[in-house]
Structures are given as C-alpha cells and as structure tokens.
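Each remark here refers to the structure printed beneath this line.
Residue numbers (the working numbering): 2 to 110.
Now the structure itself:
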C-alpha cells in the first residue's frame with residue numbers, strides 16, 4: 002500500500018476516531034468491542050512485523066494497542082485518564098502524518 006494512503010487513513014479515520022472517543026466518552030455499547038478489536042489488530046499486526054519495522058514504531062503501536070484493549074474491556078467505566086490519552090494519541094497521529102504528508106509533497110515538488 003502506498004504510504005500516502007496510510008497517512009490519509011491515520012489523519013482522517015484513525016486520528017479523528019480516537020479524538021472523538023477521547024473527547025465524547027460515548028455511551029454506545031457497540032463502541033467498546035470495536036476498540037477491543039482495533040487494539041487486538043494492532044497487537045497482532047505489529048507482533049507479526051517485528052523484524053521488518055523500526056523498534057520505536059513497534060513499541061508505540063503495541064502501547065496504543067494495549068490502551069485500546071484496556072478501554073475495550075473495561076468500557077465506559079475506564080479511567081478518564083485513558084480517554085485523555087486517546088485524545089493525545091489522536092492529535093499525535095494527525096499531526097505526525099499531516100507533517101509527513103506535507104513534507105512528502107514538498108519533496109516531490
């Protein structure tokens with residue numbers, strides 16, 4: 002997959018979704034299994050790609066996966082600090098990939 006699509010998905014889907022969950026702390030019961038599945042996907046994907054990736058990104062995604070699993074298991078009763086952490090992670094994902102997108106486009110110009 003082209004890195005452009007990865008950046009766009011992180012900016013417009015994942016980052017905004019994490020911001021929404023972190024700020025709104027939604028009451029919908031369907032949301033927490035989705036977070037659990039997303040966290041499990043992150044753990045499995047990044048454990049499978051251990052040898053092909055930079056150690057920093059492996060650790061980062063594993064930690065994000067564990068936070069998502071924790072919130073997915075405990076649901077709405079999760080500590081509020083975890084929801085604030087989701088806001089931070091969402092902002093970081095949007096900022097990092099937005100800067101990378103601009104840098105990539107300027108390098109091609």
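The C-beta atom is built at its ideal place from N, Cα and C for all residues, glycine as well. Given the structure is predicted, the values throughout are model-derived calculations rather than measurements.
Next on the checklist: For the alpha helix (DSSP H) containing residue 34, name the first residue and the last one.
Outcome noted: Unbroken alpha helix (DSSP H) run through residue 34: 32-49.
Checklist entry - Can you check whether the CB of residue 37 is closer than 7 Å to the CB of residue 73? => result Yes. Within cutoff.
Next on the checklist: Check this for me: beta carbons of residue 87 and residue 22, under 7 Å apart or not?
Outcome noted: Using a Cβ distance threshold of 7 Å, residue 87 and residue 22 count as a contacting pair.
Item to check | Alpha carbon of residue 83 to alpha carbon of residue 27, nearest angstrom | outcome: So the two alpha carbons sit approximately 13 Å from each other.
Next on the checklist: What does the alpha-carbon distance come out to for the pair residue 20 and residue 104?
Outcome noted: Distance between the alpha carbons of residue 20 and residue 104: 24 Å.
Item to check | Separation of residue 81 from residue 18, as counted between CA atoms | outcome: For residue 18 and residue 81, the gap between their C-alpha atoms comes out near 17 Å.
Next on the checklist: For residue 9, tell me which candidate among 64, 59, 94, 61 has the shortest Cα-Cα distance.
Outcome noted: Among 64, 59, 94, 61, the Cα nearest to that of residue 9 belongs to 94.
Checklist entry - With a CB to CB cut of under 8 Å and the five nearest residues on each side skipped, what residues in its chain are close to residue 43? => result Taking C-beta separations shorter than 8 Å and ignoring five residues to either side along the sequence, the partners of residue 43 in its chain run 62, 63, 65, 66, 69, following chain order.
Checklist entry - Ends of the alpha helix (DSSP H) at residue 62? => result First-last of the alpha helix (DSSP H) with residue 62: 56-75.
Checklist entry - What are the boundary residues of the alpha helix (DSSP H) that residue 13 is part of? => result For residue 13, there is no enclosing alpha helix (DSSP H), as DSSP marks it with neither H nor E.
Item to check | Beta-carbon spacing of residue 98, residue 45 below 7 Å | outcome: Using a Cβ distance threshold of 7 Å, residue 98 and residue 45 do not count as a contacting pair.
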